[in-house]
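Visitor: Could you have a look at this structure, given as C-alpha cells, before my questions?
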Amino acid sequence: MRKTIAGLLAGASLMTIGAISAQAQELTILWAEWDPANYLQELVNEYQAETGVAVTVETVPWPDFQTKAFTEFNAQGSAYDLVVGDSQWLGAGSLNGHYVDLTEFINANNLAEVMAPATMQYYSEYPGGSGTYWSVPLEGDALGWTYRKDWFEDPAEMEAFKAKYGYDLGVPQDFKQLIDIAEFFHRPDENRYGAAIYSQNQGDAIVMGVENSVFAYGGSFGDYESFQVTGLLNSPESIEALEDYRKLFTFGPPGWGNSFFAEVNTAVAQGQVAMGMNFFAFFPALVNEATNPHAANMGFFANPPGPRGDDFAALGGQGISLVSYSQNQEEAMKFLEWFIKEETQERWAELGGYTAHGAILESEKFRTATPFNEAFFQTMFKVRDFWALPEYAELLTEAADAFYPYVVNGEGDAKTTLDTLATTWVDTLQAAGYPAQ
Amino acid sequence: MTSLITTLDPRSRAASRGWSDTTIRNVFVIPTVAFLIIFNVFPLLYSLGFSFTDFRASSKAQVNLVGFKNYVDVLADPVIWRTFTTTLWYVIVSVTGQFVVGFGLALLLNRPLPYKGLLTTLLMLPMMLSPVVVGLFWKLIYDPSWGILNHALGLGRVAWLSDANLALYAVAITDIWMWSPFVMLLSLAGLSAVPKHLYEAASIDRAGKLYTFFRITLPLVAPILLIAVIFRTMEAFKTFDIAFVMTGQPAAELISSRLYKMAFQQWQTGPSSALAYIILIMVLCITNIYVKYLNKAKER
Numbered sequence: 001m002r003k004t005i006a007g008l009l010a011g012a013s014l015m016t017i018g019a020i021s022a023q024a025q026e027l028t029i030l031w032a033e034w035d036p037a038n039y040l041q042e043l044v045n046e047y048q049a050e051t052g053v054a055v056t057v058e059t060v061p062w063p064d065f066q067t068k069a070f071t072e073f074n075a076q077g078s079a080y081d082l083v084v085g086d087s088q089w090l091g092a093g094s095l096n097g098h099y100v101d102l103t104e105f106i107n108a109n110n111l112a113e114v115m116a117p118a119t120m121q122y123y124s125e126y127p128g129g130s131g132t133y134w135s136v137p138l139e140g141d142a143l144g145w146t147y148r149k150d151w152f153e154d155p156a157e158m159e160a161f162k163a164k165y166g167y168d169l170g171v172p173q174d175f176k177q178l179i180d181i182a183e184f185f186h187r188p189d190e191n192r193y194g195a196a197i198y199s200q201n202q203g204d205a206i207v208m209g210v211e212n213s214v215f216a217y218g219g220s221f222g223d224y225e226s227f228q229v230t231g232l233l234n235s236p237e238s239i240e241a242l243e244d245y246r247k248l249f250t251f252g253p254p255g256w257g258n259s260f261f262a263e264v265n266t267a268v269a270q271g272q273v274a275m276g277m278n279f280f281a282f283f284p285a286l287v288n289e290a291t292n293p294h295a296a297n298m299g300f301f302a303n304p305p306g307p308r309g310d311d312f313a314a315l316g317g318q319g320i321s322l323v324s325y326s327q328n329q330e331e332a333m334k335f336l337e338w339f340i341k342e343e344t345q346e347r348w349a350e351l352g353g354y355t356a357h358g359a360i361l362e363s364e365k366f367r368t369a370t371p372f373n374e375a376f377f378q379t380m381f382k383v384r385d386f387w388a389l390p391e392y393a394e395l396l397t398e399a400a401d402a403f404y405p406y407v408v409n410g411e412g413d414a415k416t417t418l419d420t421l422a423t424t425w426v427d428t429l430q431a432a433g434y435p436a437q
Numbered sequence: 001m002t003s004l005i006t007t008l009d010p011r012s013r014a015a016s017r018g019w020s021d022t023t024i025r026n027v028f029v030i031p032t033v034a035f036l037i038i039f040n041v042f043p044l045l046y047s048l049g050f051s052f053t054d055f056r057a058s059s060k061a062q063v064n065l066v067g068f069k070n071y072v073d074v075l076a077d078p079v080i081w082r083t084f085t086t087t088l089w090y091v092i093v094s095v096t097g098q099f100v101v102g103f104g105l106a107l108l109l110n111r112p113l114p115y116k117g118l119l120t121t122l123l124m125l126p127m128m129l130s131p132v133v134v135g136l137f138w139k140l141i142y143d144p145s146w147g148i149l150n151h152a153l154g155l156g157r158v159a160w161l162s163d164a165n166l167a168l169y170a171v172a173i174t175d176i177w178m179w180s181p182f183v184m185l186l187s188l189a190g191l192s193a194v195p196k197h198l199y200e201a202a203s204i205d206r207a208g209k210l211y212t213f214f215r216i217t218l219p220l221v222a223p224i225l226l227i228a229v230i231f232r233t234m235e236a237f238k239t240f241d242i243a244f245v246m247t248g249q250p251a252a253e254l255i256s257s258r259l260y261k262m263a264f265q266q267w268q269t270g271p272s273s274a275l276a277y278i279i280l281i282m283v284l285c286i287t288n289i290y291v292k293y294l295n296k297a298k299e300r
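Just so you know, the protein sequences line up as chains A and B, in that order. One point on numbering: in our numbering, the residue at position 230 of the first sequence is 230, and numbering is uninterrupted. One point on numbering: in our numbering, the residue at position 217 of the second sequence is 217, and numbering is uninterrupted.
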C-alpha cells in the first residue's frame, strides 16, 4: 500500500514539474478583437514552429479592451505576458508599474532609428522626450479615408460637380474640398450619403474623429508638455475644425449617431456613402469581395490638409509591452527579440499587419502591396495623438461627453463646447496634480 | 451560527441517511453563509470604505480619507442628476409599459384558448434571451436604413436610437418587449388563484365586466402585481446592458451606464463607490414604498 501511495505521489510530482516546465514554454498576448490580432496569431504560430514556444493571442472586443486589461493590471494578475496596448495607455501603464521599462532593449537594438519616428514617439516613449521606452511599436495605424472611385470618376457626376463648385471632382486636396464632395453626394432620396465618420461616444470614437479634423486645421488638444489647454483646445482653428466635423456628420446616413469602425465599413459595403473615415486596419475588409461587393471600386487617401495647409492625422495603433506581473518575462523578451527582426517585420507586413519598421514602410514593395498602403505610408509620417497621461480615460470621456451633444444633436455651438471642455480638462488635470491652465 | 441549526425532519432523506444537524450545518449552511459573506457582504462593506477615500483602482498612489467629499461631489454633478432624471423617467415608462402589456396578456391567457400552453411558452421567450443579444437585434430592428420597424410601419427613416427625443423610448420599448412576459407570468399565477365562485356570485348578481374586474379581479391580484412591479422597478433602475449596447445618446444615458464609465473607464473608484451607494439607497427607498403598499393590499 505504501509503495502504491509513494508511486502515486512521485507520479503527481512529475506531472507538476512537467506542468511547470510546459507553462514556461507558453506566452499569452492580450489584444483587441480585430483582424490584425488574427494576423498576429498567424505570425506567432511561425514563432512556435521555430522555437517550440506556444504563443496565444487572446482577444477582447474593443469596447471592453481597456477595462479588461486594466482590471487585470490593477489586480497584478499574471494571465498575460504581453499586451498590445493603446498609445494612450502609456502613462497609466508605465507610472502605475504595469509595464516593464524596455529602454535598454530599445537602445540596444537601435529601435528609435529603425522604427518610424512617430510610432516610437507615441507608442513607446513616456514621458514625451524622456528617452524612456515602454513598448515596441507593433501595429501602426492612423485615420484615413476610403472613397467610391466609380462615383468620383462618373463623367456625369464630374460635370455636375464642376458646374456647382468650380473645380474638378477628385481626391480632396484639403478638408474644405472633402466637405464639398460630401455635400455633393449627399442625396437621401437616392439612399446615397456624403460621408461616414465616427460619432459614437463610447470609447474613443468621436474623439478620434474630431481630433483628426482639429489637427488638420492647425488646432490642438493642448500642450502635452506644459499642460496648457486654454487657448489651444478652444483656439479659432479648433473651433472651425469642430464646426466642420459637425457639418460632415450631417452628410452621413440617417441615424448615424452611434457609429464607429464597424458601422463605417458597413455603410461603405452597402454602397451608402461616397467616403468613409476609418482606421487603416479596417481597410483590408473593404477590398475583399467577400465582405464588400464594391471592393473593386474602392479608392483610399490620406487625411487631407486643413484650410491653412496644416497636414496631420489622428494616430491609432499600438505597441507591445511586457507586463510587469508576467511569470515568463525572460521568454517574453526572447519573443520581442524575434519580433523586431527585419524578416519578422516583413512577414508581419505580408500577413496584413501594419509594421512600424521605417525601411519596410518606405519600400516600394510595401507601398504598392495594397490599394491603401501608399495612403498609410503618407499618413504615418504626419500623425499626432491624444493625451497619454494616466488620467487619459477621464479626459477622453469628458471630451466624448462634450463633443457628442454638439456634433450629433446640434446642441449649442462649437465655441461654447470647446470653452466648456477646456475648463473641464483644466480642472481634471489640476485635480490630478498637473500645472494645467 | 447556533441559531442557523435547525432540527432535521425525521422523515427526510437526510435523516434516513443518518445525517446529523452538525453535518448539515457543516456541509450546506456554513459554505453558503461563507460564500455570501465573501462575495456579497465583504465587497459591500469594502466598497463602502472606498466611498470615503480618493482611491483609484488603477493607481498605486497613497489612498487618503476624504470624508463625505465623494458623496457631495457626486450629488453636485449636473451630469449625475441628468442621468438620475433620465433613469427615473425610463423606470416609469418601462415598468408602466410592462405592467400594461404583461397584465393584458395575462388577462387574455386566463381565458380558455386553444394551444394555451404553447402560446404561454412562446410569449415567455423574450425574457429567456440575453439582454445584450436583445439589445443588439433591436438595434438592427430600429436601424433607419434597413430596419424592419420603419419599413413595417411606413415611417420613412426615423432614427430611433440617434434621436435625442426618441432614444430613451426606443430602449424602453425593447425593455417592455423583453420583460412584459415576466409580469404576465406572475399575473397569470395571481389570476388563476382567484376563486371561481366569486365570479359566479358576481354573475348571479348581474355585475358588469368592468365592475367585476375592478371589484374582484384587480383587488385579489393586486398583491402579486405589486410584487411584479417591485421586481421590475428594481431591475429597471439598474438597467445597463440593453441601454449600453443600443445607444450612446446622452439623453438616454442611465445611471448604471454613468456608474460603469466612472468605475471602469475612468477608474474613479472612490466617487463611483459613493454613487453606487446612493443608487442602492434610492432603490431601497423605492422598494420600501412599494412594500408598504403591498402590505396594505394584503391587509385588504
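Think of the CB as a built atom: it goes at the ideal place given N, C-alpha and C, for glycine as much as any other residue. For clarity, every value in this text was computed on a predicted model and none was experimentally measured.
Count the other C-beta atoms from every protein chain shown that fall within 10 angstroms of the C-beta of H98 (chain A), then say buried if there are 16 or more, exposed otherwise.
Guide: buried
Visitor: Beta carbon of S58 (chain B), beta carbon of A274 (chain B): below 8 angstroms?
Guide: no
Visitor: Residues bridged to A32 (chain A) by DSSP?
Guide: A:V60
Visitor: Could you tell me the boundaries of the alpha helix (DSSP H) in which G309 (chain A) lies?
Guide: Note, G309 (chain A): premise wrong, no alpha helix (DSSP H); not H, not E.
Visitor: Between the C-alpha atoms of A332 (chain A) and L82 (chain A), what's the straight-line distance to the nearest angstrom?
Guide: As the crow flies, the alpha-carbon of A332 (chain A) is around 7 angstroms from that of L82 (chain A).
Visitor: With H, G and I counted as helix, E and B as strand and the rest as coil, what does DSSP make of D86 (chain A)?
Guide: strand
Visitor: How many angstroms separate the CA atom of A205 (chain A) from the CA atom of F260 (chain A)?
Guide: 6 angstroms
Visitor: Would you mind working out which of B:W267, B:L109, B:W146 and B:I286 sits nearest F231 (chain B), comparing C-alpha positions?
Guide: B:I286
Visitor: Beta-carbon of Q265 (chain B) versus every beta-carbon of chain A: anything under 8 angstroms?
Guide: It does: the Cβ of Q265 (chain B) has a partner Cβ on chain A nearer than 8 angstroms.
Visitor: Among the residues of its own chain, which have a CB less than 8 angstroms from the CB of P181 (chain B), if the five just before and after it don't count?
Guide: G102, L105, L123, M124, L125, P126 and M127, listed in sequence order.
Visitor: Between the segment 128-143 of chain A and the segment 373-388 of chain A, do three or more beta carbon pairs fall short of 8 angstroms?
Guide: yes
Visitor: To which residues does DSSP link Y325 (chain A) through a beta bridge?
Guide: According to DSSP, which records beta bridges pairwise, Y325 (chain A) is partnered with nothing at all.
Visitor: Restricting to Cα atoms, I'd like to know which of A:A432, A:R347 and A:A262 is closest to A393 (chain A).
Guide: Residue A:A432 is the option with its Cα nearest to A393 (chain A).
Visitor: Hey, quick one: how far does the beta strand (DSSP E) through R148 (chain A) stretch, first residue to last?
Guide: L143 to R148
Visitor: Hey, does P435 (chain A) have any beta-carbon neighbour from chain B nearer than 8 angstroms?
Guide: no
Visitor: If I measure Cβ to Cβ from K382 (chain A) and keep anything under 7 angstroms in the same chain, skipping five residues before and after, which residues do I get?
Guide: D311, F312 and A313
Visitor: Can you list, in chain order, the stretches of the alpha helix (DSSP H) that have 4 or more residues and sit fully within the segment 98-167 of chain A?
Guide: 103-108, 111-114, 117-123, 149-152 and 155-165
Visitor: Of all the CB atoms in chain B, is at least one closer than 8 angstroms to the CB of G209 (chain A)?
Guide: no
Visitor: Count the other CB atoms within 10 Å of the CB of W146 (chain B); is the residue buried (16 or more) or exposed (fewer)?
Guide: W146 (chain B) should be labelled exposed.
Visitor: When you compare each of A:E125, A:A356, A:G170 and A:T103 to E153 (chain A) by their alpha carbons, which one comes out closest?
Guide: A:G170
Visitor: Mapping the DSSP letters down to three states, classify I197 (chain A) as helix, strand or coil.
Guide: coil
Visitor: Mind reading off the beta-carbon distance from Y198 (chain A) to M208 (chain A)? Whole number of angstroms is fine, and I expect it under 8 angstroms.
Guide: Indeed they touch by this definition, with Cβ atoms about 6 angstroms apart.
Visitor: Confirm, please, whether the CB-CB distance from A163 (chain A) to A182 (chain A) is below 8 angstroms.
Guide: no
Visitor: Any C-beta of chain A within less than 9 angstroms: which residues of the segment 161-181 of chain B qualify?
Guide: L161, S162, D163, A164 and A167
Visitor: With DSSP collapsed to three states, give me the class of G91 (chain A).
Guide: In this structure, G91 (chain A) counts as helix in the three-state DSSP scheme.
Visitor: Could you name the residues of chain A that S145 (chain B) contacts, counting a contact when the two beta carbons are closer than 8 angstroms?
Guide: For S145 (chain B), the neighbours in chain A by C-beta distance under 8 angstroms run, in chain order, N191, P253, P254, G255, Q270 and Q272.
Visitor: Using the C-alpha atoms, what's the distance from F214 (chain B) back to K196 (chain B)?
Guide: 16 angstroms
Visitor: So which residues on chain D does Y404 (chain A) lean against when the C-beta distance must stay under 9 angstroms?
Guide: No chain D is part of this structure, whose protein chains are labelled A and B.
Visitor: So, are the CB atoms of S187 (chain B) and V221 (chain B) less than 8 angstroms apart?
Guide: yes
Visitor: By Cβ distance below 6 angstroms, which residues in the same chain neighbour A414 (chain A) in space, the five residues on each side in sequence not counted?
Guide: I239, L242 and E243
Visitor: DSSP three-state label for H357 (chain A), please.
Guide: Taken through DSSP and simplified to helix, strand or coil, H357 (chain A) comes out as strand.
Visitor: Please report how far the alpha carbon of L280 (chain B) lies from the alpha carbon of V74 (chain B), in whole angstroms.
Guide: Cα to Cα, the separation comes out at about 14 angstroms.
Visitor: Please classify N292 (chain A): is it buried, with 16 or more other beta-carbons within 10 angstroms of its beta-carbon, or exposed?
Guide: By the neighbour-count rule (16 or more Cβ atoms within 10 Å), N292 (chain A) is buried.
Visitor: If we count the other Cβ atoms within 10 Å of its Cβ and call it buried at 16 or more, is Q266 (chain B) buried or exposed?
Guide: buried
Visitor: Within its chain, find whatever has a CB closer than 8 angstroms to the CB of F227 (chain A); leave out the 5 residues flanking it on each side and keep chain order.
Guide: L429, Y434, P435, A436 and Q437
Visitor: Would you identify the three-state DSSP class for V383 (chain A), choosing helix, strand or coil?
Guide: strand
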